[in-house]
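Student: In this note's numbering, the protein residues as written are 10 to 421.
Would you mind keeping the following structure in view while I ask a few things?
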Amino acid sequence: MTTISSQPSFSTYIPWLLAFGISVVLMSTDIYAPSLPEMVLEFAAAEADLQWTLSVNSFGYCLASPFVGPLSDSYGRKPVMLISLLCFMAASLGCAMAPTLLAFDIWRFAQGMFSAAVPIVCIAVLADMLQGRRFGSMMAYMGIVITLSFAVGPIIGGFVGEYYGWRLLFYGVAIAGLLIFTLYYFLLPETLQRKTPFSLGGICQTYASMFKDPLFLLYGMITSLMLAGFFAYITSSSYLYIDQFGLSKVQFGVVTGIGMVTNALAHLVVGRLIANFGARKVLRAGISFVTTSAVTMAWMTFLEVKSAYILLAPVLLYNMALGFTFPPTSSIALDRFRHATGAASAFLSAFRMIFLGSGSYIAGKAYNGTLSSISSLMILFAGLTVICYLWVSFLQHKHAKKISLSEETLQR
């Protein structure tokens with residue numbers, strides 16, 4: 010293990026610098042969603058084939074994620090980030106110029122692979138500099154920018170796609186990637202204090218220890234399952250709202266954006282709540298929101314609601330629940346592997362993207378032009394989220410009881 014530069018002092022501009030990079034790569038995930046119906050016609054493909062382009066991006070992300078964290082632990086945060094950004098820019102240009110759907114799928118997969126480094130390494134940079142409640146609070150504030158990027162993405166995608174076509178979106182992403190590369194090259198400090206030699210055996214051993222930690226896995230699954238439900242909604246809602254409810258691309262982008270803004274506002278509140286009350290109490294509130302959202306969505310499906318604006322009610326609750334669960338679950342899970350934050354961050358990111366991609370894929374196969382085909386998946390994933398939370402609560406109660414019994418034995 011090699012020591013490199015001493016840990017730099019925390020600068021207020023660093024979170025904004027990191028958040029900007031994360032927002033661009035995450036925006037590229039679904040920025041073209043409002044144009045999916047148009048792309049079906051351009052590529053002469055089925056709706057499910059275009060929905061697959063969302064999933065294949067997530068699977069590319071998952072493939073790269075397990076290696077990004079350990080590479081950043083071995084060679085430094087900054088070099089891994091810069092090389093990945095260059096490749097991300099090239100893949101974005103490939104998406105913009107793709108002549109066929111197959112070529113578009115290949116470039117989307119590559120784009121997902123090389124986008125993985127930015128959010129994973131950015132979170133590792135923050136974990137290098139902050140700990141405990143301060144890290145949890147900063148994750149919440151970072152979440153504001155991250156979720157706003159998901160909000161702005163469909164809105165930008167709606168406007169640009171309506172007037173200039175979807176290809177210009179990917180040219181824009183490539184240009185934004187170049188800007189991020191320049192900013193990181195000149196302004197981002199190297200925060201890794203000690204290098205860990207890169208070893209495939211070591212990587213497997215590190216990830217094996219994470220698989221053996223049930224609490225780490227369950228905290229990761231809580232957010233992952235919620236993201237799966239949310240992206241099941243995102244994947245098919247463009248077809249439902251545009252083709253069935255008659256919304257324009259711009260209106261769809263605005264409706265989607267409103268939900269994301271709610272998520273961002275939740276993150277804003279959560280940052281202060283974690284600092285004052287701790288991550289576990291905030292997580293409990295998030296679980297109550299997702300439960301209420303699932304019940305409301307089930308009721309509206311039963312009533313056969315056909316208004317995108319009325320359906321916003323349970324969707325907004327779901328977005329709020331995401332805002333209340335992502336920061337505390339990330340903070341608690343990463344605190345369990347302080348010695349390998351890069352690998353732990355990569356593991357959680359891959360975990361989330363696997364579920365995200367699976368949710369998109371299942372939604373693409375299940376969508377039949379009705380609300381029930383979307384809402385049933387959201388309700389399913391919300392229910393599984395609640396089960397994971399109850400399991401976490403049981404394990405923590407069991408652990409606390411074991412400690413209490415041990416203390417009583419020692420006192421005797």
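Glycine is no exception: its CB is placed at the ideal position from the N, C-alpha and C atoms.
Everything numeric in this text was worked out from a predicted model, so none of it was measured.
To the nearest angstrom, report how far apart residue 157 and residue 246 are at their CA atoms.
Tutor: As a first step, residue 157 must be located in the sequence shown, where it is residue number 148. As a first step, residue 246 must be located in the sequence shown, where it is residue number 237. Distance between the alpha carbons of residue 157 and residue 246 is about 19 Å.
Student: By a C-beta neighbour count over all protein chains shown, 10 Å radius and 16 as the cutoff for buried, is residue 378 buried or exposed?
Tutor: In the sequence shown, residue 378 corresponds to position 369, counting from 1. Looking at its Cβ environment, which holds fewer than 16 other Cβ atoms inside 10 Å, residue 378 is exposed.
Student: Spatial neighbours of residue 67 within its chain, please: C-beta separation below 7 Å, excluding the five flanking residues on both sides.
Tutor: What you label residue 67 is simply residue 58 of the sequence shown in a count that begins at 1. Excluding positions up to five away in sequence, the list reads 121, 362, 365, 366 and 369.
Student: Given that a residue counts as buried once 16 or more other Cβ atoms are within 10 Å of its Cβ, and exposed if not, what is residue 398?
Tutor: Your numbering for residue 398 matches position 389 in the sequence shown. Under this definition residue 398 is a buried residue.
Student: Classify residue 374 as helix, strand or coil using the three-state DSSP reduction.
Tutor: Numbered from 1 along the sequence shown, position 365 holds the residue referred to as residue 374. Residue 374: helix per DSSP, three-state reduction.
Student: Who are the Cβ neighbours of residue 331 in its own chain at under 6 Å, not counting the five residues just before and after it?
Tutor: Working through the sequence shown from its first residue, we reach residue 331 at position 322. Within the same chain, residue 331 has close Cβ partners 235 and 272.
Student: Taking residue 288 and residue 337 to be in contact with their CB atoms under 8 Å, please state how far apart those CB atoms are, rounded to whole angstroms.
Tutor: Your numbering for residue 288 matches position 279 in the sequence shown. Your numbering for residue 337 matches position 328 in the sequence shown. 3 Å between Cβ atoms; contact.
Student: If you check the beta carbons only, do residue 333 and residue 286 fall under 8 Å apart?
Tutor: Residue 333 sits at position 324 when you count from the first residue of the sequence shown. Residue 286 sits at position 277 when you count from the first residue of the sequence shown. Contact flag unset, no.
Student: Using three-state DSSP, classify residue 258 as helix, strand or coil.
Tutor: By one-based count along the sequence shown, residue 258 stands at place 249. Helix at residue 258.
Student: When the Cα of residue 31 is compared with those of 304, 189, 316 and 390, which residue comes out closest?
Tutor: As a working note, residue 31 is residue 22 in the sequence shown. If we check each option's Cα against that of residue 31, 189 comes out closest.
Student: Assign residue 51 to one of two classes, buried (16 or more other C-beta atoms within 10 Å of its C-beta) or exposed (fewer than that).
Tutor: Here residue 51 refers to the residue found at position 42 when the sequence shown is read from its first residue. It is exposed - the Cβ of residue 51 has fewer than 16 other Cβ atoms within 10 Å.
Student: Could you give the distance in angstroms between the alpha-carbon of residue 356 and the alpha-carbon of residue 73?
Tutor: As a first step, residue 356 must be located in the sequence shown, where it is residue number 347. As a first step, residue 73 must be located in the sequence shown, where it is residue number 64. C-alpha separation (whole angstroms): 10 Å.
Student: Report all residues from its chain with a CB closer than 6 Å to the CB of residue 352; omit the five preceding and five following residues, and keep chain order.
Tutor: Counting from 1 along the sequence shown, the entry for residue 352 is found at position 343. So the list reads 78, 79 and 215, once near-sequence residues are dropped.
Student: Indicate the three-state DSSP secondary structure (helix, strand or coil) for residue 203 in the structure shown.
Tutor: Stepping through the sequence shown from its first residue, residue 203 is reached at position 194. DSSP places residue 203 in strand when its eight states are reduced to three.
Student: Can you list, in chain order, the residues of its chain with a C-beta nearer than 6 Å to that of residue 346? Leave out the 5 residues immediately preceding and following it.
Tutor: Locating residue 346 in the sequence shown gives position 337, where the first residue counts as 1. Excluding residues within five positions, the ones whose Cβ falls inside 6 Å are 353.
Student: Just reading off the alpha helix (DSSP H) that residue 39 is part of, what are its end residues?
Tutor: For the purposes of this step, residue 39 is taken as residue 30 along the sequence shown, with counting starting at 1. Taken as a continuous stretch (DSSP letters only), the alpha helix (DSSP H) holding residue 39 covers 22-39.
Student: Leaving out the 5 sequence neighbours to the left and right, which residues in its chain are closer than 6 Å to residue 264 when beta-carbon positions are compared?
Tutor: To locate residue 264, count along the sequence shown from 1; it is residue 255. Excluding sequence neighbours, residue 264 sits near 317.
Student: Pop quiz: residue 360 and residue 259 are said to be a contact at Cβ under 8 Å. What is the actual Cβ separation, rounded to whole angstroms?
Tutor: Taking the first residue of the sequence shown as 1, we reach residue 360 at position 351. Taking the first residue of the sequence shown as 1, we reach residue 259 at position 250. Going by Cβ atoms, the distance from residue 360 to residue 259 rounds to 34 Å, so no, they are not a contact pair.
Student: Under the assumption that residue 118 contacts residue 65 (Cβ atoms under 8 Å), give the Cβ distance between them as a whole number of angstroms.
Tutor: Here residue 118 refers to the residue found at position 109 when the sequence shown is read from its first residue. Here residue 65 refers to the residue found at position 56 when the sequence shown is read from its first residue. Residue 118 to residue 65, Cβ: 5 Å. Contact.
Student: Name the residue from 61, 70 and 140 whose alpha carbon lies nearest to the alpha carbon of residue 358.
Tutor: Here residue 358 refers to the residue found at position 349 when the sequence shown is read from its first residue. Checking every option, the nearest Cα to that of residue 358 belongs to 70.
Student: To the nearest angstrom, how far is it from the Cα of residue 322 to the Cα of residue 171?
Tutor: Position 313 of the sequence shown holds residue 322. Position 162 of the sequence shown holds residue 171. Rounded to the nearest angstrom, the two C-alpha atoms are 27 Å apart.
Student: Could I get the ranges of all uninterrupted alpha helix (DSSP H) runs contained in the stretch 205-246, with 4 residues as the minimum, in chain order?
Tutor: Counting whole runs of 4 or more residues, the stretch 205-246 contains the alpha helix (DSSP H) stretches 209-220.
Student: How is residue 361 classed by DSSP in three states: helix, strand or coil?
Tutor: Counting from 1 along the sequence shown, the entry for residue 361 is found at position 352. Helix, per DSSP.
Student: For the alpha helix (DSSP H) that contains residue 174, what are its first and last residues?
Tutor: Here the question's residue 174 lines up with position 165 in the sequence shown. Neither: residue 174 is in no alpha helix (DSSP H) and is coded neither H nor E.
Student: Apart from the five residues just before and just after residue 97, which ones in its own chain have a Cβ nearer than 6 Å to its Cβ?
Tutor: The count along the sequence shown starts at 1 and reaches residue 97 at position 88. Closer than 6 Å at the Cβ level, and outside the excluded window around residue 97, lie 123, 124 and 186.
Student: Give the secondary structure of residue 318 by DSSP, where H, G and I count as helix, E and B as strand, and everything else as coil.
Tutor: Looking up residue 318 in the sequence shown gives position 309. Residue state, collapsed to three classes: coil.
Student: Output the boundary residues of the alpha helix (DSSP H) element that contains residue 293.
Tutor: Locating residue 293 in the sequence shown gives position 284, where the first residue counts as 1. First-last of the alpha helix (DSSP H) with residue 293: 288-311.
Student: Return yes when the Cβ of residue 43 is within less than 8 Å of the Cβ of residue 163, no when it is not.
Tutor: On the sequence shown, residue 163 is found 154 positions in, with the first residue counted as 1. On the sequence shown, residue 43 is found 34 positions in, with the first residue counted as 1. It is a contact, given that the beta carbons lie within the stated cut-off.
Student: Contact between the stretch 125-144 and the stretch 81-90 is defined here as three or more beta-carbon pairs at a separation below 8 Å; is this criterion met?
Tutor: Yes, the stretch 125-144 touches the stretch 81-90.
Student: If you check the beta carbons only, do residue 60 and residue 373 fall under 8 Å apart?
Tutor: If you number the sequence shown from 1, residue 60 lands on position 51. If you number the sequence shown from 1, residue 373 lands on position 364. Yes, Cβ-Cβ distance for residue 60 and residue 373 is below 8 Å.
Student: Please classify residue 319 as buried or exposed, where buried requires at least 16 neighbouring CB atoms within 10 angstroms.
Tutor: In the sequence shown, residue 319 corresponds to position 310, counting from 1. Counting Cβ neighbours within 10 Å, residue 319 comes out exposed, since fewer than 16 surround it.
Student: Can you tell me the Cα-Cα spacing of residue 110 and residue 41, whole angstroms?
Tutor: Looking up residue 110 in the sequence shown gives position 101. Looking up residue 41 in the sequence shown gives position 32. Straight-line Cα distance between these residues: approximately 14 Å.
Student: Could you name the residues of the same chain whose beta carbon sits closer than 8 Å to that of residue 26, not counting the 5 residues immediately before and after it, in chain order?
Tutor: The residue labelled residue 26 in the question sits at position 17 within the sequence shown. Cβ neighbours of residue 26 beyond the five flanking positions: 192, 193, 196 and 197.
Student: Run the CB neighbour count on residue 339, radius 10 Å, all protein chains shown included, and call it buried at 16 or more, exposed below.
Tutor: Along the sequence shown, one-based indexing puts residue 339 at 330. Buried: at least 16 other Cβ atoms inside 10 Å.
Student: Could you give the distance in angstroms between the alpha-carbon of residue 394 and the alpha-carbon of residue 384?
Tutor: Position 385 of the sequence shown, counting from 1, holds the residue named residue 394. Position 375 of the sequence shown, counting from 1, holds the residue named residue 384. If you take the alpha carbons of residue 394 and residue 384, they lie about 15 Å apart.
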